[in-house]
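Per the numbering used here, the very first residue in the sequence shown carries number 32; after that it's consecutive.
One structure is given below, encoded as structure tokens.
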Amino acid sequence: MIKWVKESSQDQQEIYNFKRGFFPGVTSAVQRTRERLGCDYSIYIHRVTKEHSGTYHCVKFAVSSEDLDTKLGEGTAVTVQGAGDPKPDLWIIQPQDLVEVTTGDTALLNCTVLGDGPPGPIRWFRGTGLSREAIYNFAGLSHPNVTAVRASDSDFSILLPDVSTKDAGTYYCVKFQRKSNRQYLSGQGSKLRVKAKSTSPTEINEPAVQASPTGLLSVLTPVVLGLKAVTLAALLLALAACRQRRF
């Protein structure tokens, strides 16, 4: 049984249940699009207010009980802003939507953090959810080959040297709160695409092509000389036949 749950500091609130119940203002995306997709558990929340702010989790419960069967991931954070709201205190800018490199190159992933925000480190991750991989921590352990650029206090860009196709994915620059060690804000992500180096057939065959004229000449020379010898012999036989006819 699949449910949507909104998590707060105090409790968890059931937002939508795909098996039973009535939830005003919330509908299934399958009902709205009229598409039968068995794996689509998206929902629409209509007429949102500030009370809808929070972290939403799509979770699986055991059919025979209300016990949680699948652990909650990081969920989807929803922030509802309205007139008179204070401006954001932090901006994470990842200007690169797509970064394309070739295997063996060094990939530069840009991230600029502006504003204050709560105390806490900036970290880089590849992927999202429970399967995301920690890449770099500006205040802790990181991958040994990954280095920080730090051209300025607001620059949190990183360098990935000698990339391979295994390094492909979407990378996120994320701000954490030091006190709770929870994610505070994430950049929109930069997709890294790694292309394998292609070996040109011309480069492989070039030595053979350069050597081929000499080899071809050595083969053709005796053939040409042989043809000349045959032609000369034929001429001599023709002259001998003409002389016999005269006499």
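Think of the CB as a built atom: it goes at the ideal place given N, C-alpha and C, for glycine as much as any other residue.
The structure presented is a predicted model; accordingly, all values stated were derived computationally and were not measured.
When DSSP states are grouped into helix, strand and coil, K206 belongs to the strand group.
With fewer than 16 other CB atoms across the displayed protein chains lying within 10 angstroms of its CB, F53 is exposed. The beta carbons of F169 and F156 sit about 13 Å from each other, so the pair does not count as a contact at 8 Å. According to the DSSP assignment, A199 belongs to no beta strand (DSSP E), since it is labelled neither H nor E. A Cβ-Cβ distance of about 10 Å is found for the pair L223 and L139, leaving them out of contact under the 8 Å criterion. Pairing Q112 with Q219 gives a Cβ-Cβ distance that is not under 8 Å.
According to the DSSP assignment, R181 belongs to no beta strand (DSSP E), since it is labelled neither H nor E. For S162, the secondary structure class from DSSP, reduced to helix, strand or coil, is helix. With fewer than 16 other beta carbons inside 10 angstroms of its own, H77 counts as exposed.
Here the alpha carbon of T137 sits roughly 39 Å from the alpha carbon of Y72. By the neighbour-count criterion, in which a residue is buried when 16 or more other Cβ atoms sit within 10 angstroms of its Cβ, R154 is buried. In this structure V144 does not touch V225 by the C-beta definition: roughly 26 Å separates them, more than the 8 Å allowed. A Cβ-Cβ contact shorter than 8 Å links S221 with T201.
L216 is positioned such that its CB atom lies no closer than 8 Å to that of G171. Taking all protein chains shown into account, K81 has fewer than 16 neighbouring C-beta atoms within 10 Å of its C-beta and is therefore exposed.
Along the length of the stretch 69-157, whole beta strand (DSSP E) runs at least 3 residues long occupy 74-76, 85-91, 107-109, 121-124, 129-133, 138-140, 143-146 and 153-157, reported in chain order. A distance below 8 Å between beta-carbons, with the five flanking residues on each side excluded, links S84 to the following residues of its chain, in chain order: V109, T110 and V111.
Taking C-beta atoms as the reference points, D120 and G151 fail to come closer than 8 Å.
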